[in-house]
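Its first residue numbered 830, the sequence shown is counted upward by one per residue in the numbering used here. Have a look at the structure below before the remarks.
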Amino acid sequence: MPIYDRKMETLSRGALEQLQLERLQITLNRVVRNVAFYRQQFDSRRIDTLSIKSLDDLRRLPFTTKDDVRMGSPYDMFAVPLRDIVRVQCSAGTTGDPVGVGYTANDIRHWSGVIARILAAAGVSDQDFIQISFPYGLMTGGMGFHYGAERIGASVIPASGEEVHRQITIMKYFKATVLVGRPGYALAMARAMAEMNLRPEQLNLRCGIFGSEPWSENQRAQIQEQLRIRAYDSYGLSEIMGPGLAGECEEQNGMHIQEDHFIAEVINPDTLEPAPAGEEGELVFTTITKEAFPMIRYRTGDIARITDEPCACGRTFRRMSRVKDRTDNLIFVNGHKFFPSEVDEIIQKAAGLSPNFKIVLDRKEGAETVEIHLEVTSDFPQLDEIKALERMRESVARALVAALGVEVAVKFVQPASRLTAGGKKVIPIEDRRKQDGQRK
Ligand code: DLL
């Protein structure tokens, strides 16, 4: 399959590392001048960024975390004047208060470029009709893939807002050849096709590019079999750019990291030391071309491996494995991402008290479901009043649906004994979906 940006994607390791170092130095210079957060981070550790003279020196710099980004929200992490920002998007897992990221016109050009590479690596060309089922909202999936697909010259079908059966009708009508979306959504489409008595041979679909949530080889096999396509994994996160950080080639054996734009590290999340080569650990990324929202050593919370073994496709960028786990308890449901602590905050506000609860995640008829099991104790003033309890249940459910964007059922249950870790509230999660192998 053709390599979209052959010159960059097949650079020798030496040339790539030289380019990375030059771009890193420019980025450091930019953040020190324009982002007070980074200036303080480096000053307080007496780090002169001019002393960063090799890629190994990067390890002397402190990490950036999601909390740092949250604290700097909305604009403190921006490294350019706001008049240069042409787009903002939001970061995931920030249901309560939005956390924004921004792009300059150049950033958008680079973003489209890396998506174009990833699409081409999956065999997509200007001959294709690409149906995008990611939302075109504040999350980065829809807009990110849209611009990349246009860059490659493909015809985009921005079907995202449509209901699943309608998406299939549209897919058939326009003869879509490529589907872009969540792996979970691809499986929902396969089920809807069966309901519509439609066989995959009656469609023109030949490949799909999926990401934004964990999935397994098992799920890949199901998608490939049920939709009769080749399914490719692709990875990214809004703080770093959005989709486009890494994507699989025709080998379907790990995602090539777009290393001319991002420096990837793998660390042990407990010791924060580099993980031994080729071993699993937390992914850390440094952006080296971004103007608006540069990130230095951003801790993703995603656990994966990186291999530098050569790939048969000829690309020299290193490959990352599937995301195997998270270092935190970020929950993925139907394309939405949230932390249990966000659920806690919403429940506290809506219920007017801070009850204990459990989050139960399940799959019913293929769709993912969320139930909140709220414990009712005698401390609840409303206990003897069924109507008041019912009102509380409804207001909690409404607030959760509004904030999380997913259907949530709220049930009252008897109190259970509680675990606390270091005096902190531990919110139990029962994930019944894992039985069918959400992660490998
Ligand atoms: O999900 C960007 C994206 C959109 C990637 C479309 C791929 C396709 P966020 O909403 O910020 O950005 O969520 C980022 O999603 O840290 C991972 O935990 C998870 N994630 C993204 N891609 C994958 C993947 C987008 N292929 C968070 N496999 C990341 C597993 C993924 N998890």
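Cβ atoms here follow ideal geometry from the backbone N, Cα and C, with glycine treated the same way. Bear in mind that the values here come from a model prediction, so they are computed numbers and not experimental data.
Taking C-beta atoms as the reference points, residue 1199 and residue 1225 fail to come closer than 7 angstroms.
Using a Cβ distance threshold of 7 angstroms, residue 959 and residue 921 do not count as a contacting pair. In the displayed model, residue 1147 falls within coil according to three-state DSSP, outside both helix and strand. For the stretch 1036–1093, the continuous alpha helix (DSSP H) assignments of 4+ residues that do not extend past its boundaries occur at 1046–1056, in sequence order. Segment contact: the stretch 1088–1097 against the stretch 944–960, fewer than three CB-CB distances shorter than 8 angstroms; contact not assigned. By the neighbour-count criterion, in which 16 or more other beta carbons inside 10 Å mark a residue as buried, residue 858 falls on the exposed side. One alpha carbon belongs to residue 944, the other to residue 1066, and they sit about 13 angstroms apart. Annotation for residue 1127: the continuous beta strand (DSSP E) segment containing it runs 1127–1133. With contact defined as three or more Cβ pairs closer than 8 angstroms, the stretch 1014–1032 and the stretch 1185–1196 are in contact. Residue burial annotation: residue 1106 is exposed, with fewer than 16 other C-beta atoms found within 10 angstroms of its C-beta. Note on residue 1228: 16 or more other CB atoms within 10 angstroms of its CB, so buried under the neighbour-count rule.
In this structure the stretch 910–919 does not touch the stretch 879–887; the number of beta carbon pairs closer than 8 angstroms is below three.
Between ligand 1 and the CB of residue 1070, the shortest heavy atom gap is not smaller than 6 angstroms.
Note on geometry: alpha-carbon atoms of residue 973 and residue 897 lie some 24 angstroms from one another. No heavy atom of ligand 1 is found nearer than 6 angstroms to the CB of residue 929.
Counting along the chain, residue 1205 sits inside no alpha helix (DSSP H), nor does DSSP assign it H or E at all. At the C-beta level, residue 1077 and residue 1070 stay beyond 7 angstroms of one another. Placement of the Cβ of residue 969 at a distance of less than 6 angstroms from at least one heavy atom of ligand 1 is found. Using a Cβ distance threshold of 7 angstroms, residue 1133 and residue 1101 do not count as a contacting pair. Straight across, the Cα-Cα distance linking residue 1218 with residue 1187 is about 18 angstroms. Nearest to residue 1011 by alpha-carbon distance, out of 961, 900, 1238, is 961.
Distance from the CA atom of residue 931 to the CA atom of residue 907, rounded to whole angstroms, is 7 angstroms.
Between residue 951 and the set 970, 1131, 1063, 999, the nearest pair of CA atoms involves 1063. Counting C-beta pairs closer than 8 angstroms gives fewer than three between the stretch 1121–1130 and the stretch 994–1011, which falls short of the contact rule.
Here residue 1002 carries a helix assignment [DSSP, helix/strand/coil]. Straight across, the Cα-Cα distance linking residue 839 with residue 1146 is about 7 angstroms. Shortest gap from the CB of residue 908 to any heavy atom of ligand 1: 6 angstroms or more.
Counting along the chain, residue 943 sits inside the alpha helix (DSSP H) bounded by residues 934–950.
Inter-residue distance for residue 985 and residue 992 is about 18 angstroms (C-alpha atoms, whole angstroms). Just measuring C-alpha positions, the residue of 1178, 1205, 1172 sitting nearest residue 1189 is 1172. Under DSSP, residue 1023 forms no beta bridge with any residue. For residue 1152, the distance from the CB to the nearest heavy atom of ligand 1 is below 6 angstroms. Distance between residue 1090 and residue 835, taken at the CA atoms: about 15 angstroms.
For residue 1110, the Cβ stays outside the 6 angstroms cut-off from all heavy atoms of ligand 1. If you check the CB distance, residue 1168 and residue 1203 do not come in under 7 angstroms.
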